[in-house]
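Okay, so the sequence shown: first residue is 264 according to this note's numbering, each after it adds one.
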Amino acid sequence: MRVLLPATPLPDHLAAVRDTVTRLFAARIVPEIGGFEARGEFPRPLVRAMGEAGLFGAAFPESIGGSDMGFMAVAVIAEEISRIRPDLGYCMNLQAMTCPFTILNWGTEEQIARFVPALIGGERIGMFALTEPGGGSDPAGAMRTTARREGDRYILDGSKQWITFSHEADAGVLFAKTDASAGHKGITAFIVEPKSGPGYRADKIPMRNLSPVLSSCSVFLDGFAVPAANRLGAEGEGFRIAMNALEYGRLTVSARLVGAAQGCLDHALLYAREREVGGRAIGRYQLVQGLVADMVAEIAAARALVRELGETMDAGLPANRIASLAKYVASRAAKTAVANATEIFGGYALADEYPISMFKGFIEMLNVGEGSTNVQKVLIAEDALGFKDANRASLPARKFRSSVAE
């Protein structure tokens with residue numbers, strides 16, 4: 264049940280998209296996901312069902328299986344998924360943004376045709392492999408994975424960390440250094456197919472309170488061969504590609520944080536109406552009302568920024584500034600929401616009967632995804648102080664600009 268709050272209404276076509284997500288999750292995804300978790304099985308059929316319903320194709324042209332609805336629709340879909348099941352929000356990055364959209368934005372026509380339709384259709388599972396052990400917010404300086412050219416292929420050696428879906432991925436975008444002495448200018452992007460040959464291994468990272476089947480992993484590359492035809496962009500262009508991808512990824516991560524925050528608020532409001540202390544609902548007490556008011560206000564502010572980010576992207580305008588603001592404010596709103604929901608639920612916040620501890624785990628994970636809160640602070644402050652223009656390196660979609668902007 265969605266608890267409706269006063270807000271700027273969505274246009275009819277976006278409200279219909281959101282309702283499609285709600286119905287699909289109520290009819291199939293939520294009833295079936297528990298079975299996959301009990302079996303320890305990756306829910307490929309559910310990812311495929313989401314793809315077939317068009318949840319991953321909003322930012323893609325109809326010619327390759329998308330709906331050409333634009334980035335605002337991406338934000339709406341990502342928020343609603345994460346409101347209901349924050350674990351499945353991962354799909355909005357790996358099946359709808361950072362993986363397939365990066366290929367659309369930087370790939371050749373052959374690469375786009377070969378990989379993108381199957382990814383946004385949910386037929387193939389995607390991944391995005393940038394971070395390395397010890398890398399964190401410095402992916403270029405810490406990158407040790409190498410790619411050396413041997414004839415018509417590259418040989419990759421090294422490791423990656425926190426790579427979601429990499430244990431199941433059929434295709435993905437991975438970054439390695441083709442020139443170890445050139446710093447960020449020596450990084451190159453590749454479309455990898457993990458099941459194509461030996462030399463690739465992904466080990467799940469156990470994380471309590473997160474999904475047992477929708478996992479992040481450590482990836483190990485030992486002489487893993489990638490065809491030269493799978494290089495994405497030119498040699499040395501990988502850092503630009505990665506930063507461009509993260510800008511688009513911040514849209515989905517920010518929307519997912521808003522959705523998770525809204526999920527916490529929904530459950531907290533229902534509980535505060537039903538739970539009684541001293542003969543009346545705890546929601547009648549002003550201390551609880553103060554917690555609720557903070558949640559409502561911060562979620563509304565975050566949602567407004569995420570919608571502005573979607574509109575900016577749909578207009579084809581530089582978006583790095585608003586993307587950082589949206590990510591930062593959404594992170595704060597989500598942290599407030601889960602902390603306040605925990606206060607309202609008390610000890611029951613730890614009970615499996617309620618999903619508060621699950622929301623907490625995913626909110627903590629999303630806070631560091633696509634740039635941590637501290638990274639966003641630096642970007643926002645340096646931009647405000649005039650030291651670095653946040654939009655200086657923003658790159659609009661190269662291959663596709665949503666018809667929403669036309």
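The beta-carbon is built from N, C-alpha and C at its ideal position, and this holds for glycine as well. Just so you know, these numbers come straight off a predicted model, no measurement behind them.
Do lysine 448 and glycine 499 count as a contact pair if the criterion is CB distance below 9 angstroms? yes
Proximal residues to valine 551 (C-beta, below 7 angstroms), its chain only, five neighbours per side dropped: The residues are Ala535, Ile545 and Ile607.
Identity of the residues DSSP links to glutamate 413 by a beta bridge: Arg416
Straight-line CA distance for serine 444 to alanine 452? 17 angstroms
Check whether valine 521 and alanine 597 have beta carbons under 9 angstroms apart: yes
May I ask you to report which of helix, strand or coil DSSP gives leucine 509? helix
Are the beta-carbon atoms of leucine 642 and serine 587 separated by less than 9 angstroms? yes
Relative to the C-alpha of glycine 385, which candidate in Lys467, Ala564, Met313 and Gly542 has its C-alpha closest? Met313
Expected contact under 8 angstroms - CB spacing of glycine 573 and phenylalanine 334 to nearest Å: 5 angstroms
Using a 10 Å radius around the Cβ and a threshold of 16 neighbouring Cβ atoms, would you call leucine 648 buried or exposed? exposed
So, using beta-carbon positions, are arginine 513 and alanine 589 closer together than 9 angstroms? yes
Quick check on isoleucine 292: does DSSP put it in helix, strand or coil? DSSP places isoleucine 292 in the helix class (H, G or I) of the three-state scheme.
Is the beta carbon of alanine 505 less than 9 angstroms from the beta carbon of proline 402? yes
Would you verify that the beta carbon of tryptophan 369 is, or is not, closer than 9 angstroms to some beta carbon of chain C? This model lacks chain C altogether, as it is built from one protein chain only.
Does the segment 375–390 come close enough to the segment 428–439 to have 3 or more Cβ pairs within less than 8 angstroms? yes
So isoleucine 344 packs on valine 284, CB below 8 angstroms; how close in whole Å? 6 angstroms
Reduced DSSP category for cysteine 362 - H, G, I as helix; E, B as strand; rest coil: coil
Which same chain residues end up closer than 6 angstroms to phenylalanine 487 when comparing Cβ atoms and leaving out the 5 residues on each side of it in sequence? Cβ-Cβ distances below 6 angstroms link phenylalanine 487 to Leu419, Gly462 and Tyr463 in the same chain, with the five nearest sequence neighbours on each side left out; the list follows chain order.
Please classify serine 666: does DSSP put it in a helix, a strand, or coil? A caution first: serine 666 carries a pLDDT of 42, below 50, which makes its placement in the model too unreliable to give a value.
In three-state DSSP terms, what is tyrosine 548? coil
Output needed for lysine 623: all residues of its chain with C-beta closer than 6 angstroms, excluding positions within five of it in sequence on either side, in chain order. Counting only Cβ-Cβ distances below 6 angstroms, and skipping sequence neighbours, we find Val601.
Have a look at alanine 491 and glycine 303 and give me their C-alpha separation to the nearest angstrom. 36 angstroms
Rounded C-alpha distance that separates cysteine 354 from valine 337: 11 angstroms
Bridge partners for aspartate 466 per DSSP, in chain order? Ser481
What residue range does the alpha helix (DSSP H) around alanine 312 cover? 307–315
To which residues of the same chain is leucine 509 closer than 6 angstroms at the C-beta, ignoring the five residues directly before and after it? Glu633
In angstroms with no decimal places, state the Cα-to-Cα distance between threonine 636 and alanine 593. Going from the Cα of threonine 636 to the Cα of alanine 593 covers about 10 angstroms.
Distance check for arginine 412 and serine 665, CA to CA, integer angstroms please. Confidence at serine 665 is low in this model, with a pLDDT of 41, below 50, so its placement is unreliable and the value that follows should be read with caution. Serine 665 and arginine 412: Cα-Cα distance of roughly 36 angstroms.
How many Å lie between alanine 668 and alanine 321 at the Cα? Confidence is the limiting factor: at alanine 668 the pLDDT is only 39, short of 50, which leaves the residue's position unreliable, though a coordinate-based value still follows. Roughly 14 angstroms separates the two Cα atoms.
Which residues does DSSP pair with phenylalanine 391 in a beta bridge? According to DSSP, phenylalanine 391 bridges with Val436.
Please classify proline 274 as buried or exposed, where buried requires at least 16 neighbouring CB atoms within 10 angstroms. exposed
Exposed or buried, which one is valine 310 when buried takes at least 16 other CB atoms within 10 Å? buried
Within the segment 529–584, note down every full alpha helix (DSSP H) run reaching 4 residues or more, in order along the chain. 549–577
Taking its Cβ as the centre, do 16 or more other Cβ atoms sit within 10 Å of glycine 526, making it buried, or is it exposed? buried
Would you tell me roughly how many angstroms separate the C-alpha atoms of phenylalanine 378 and alanine 439, rounded to the nearest one? 20 angstroms
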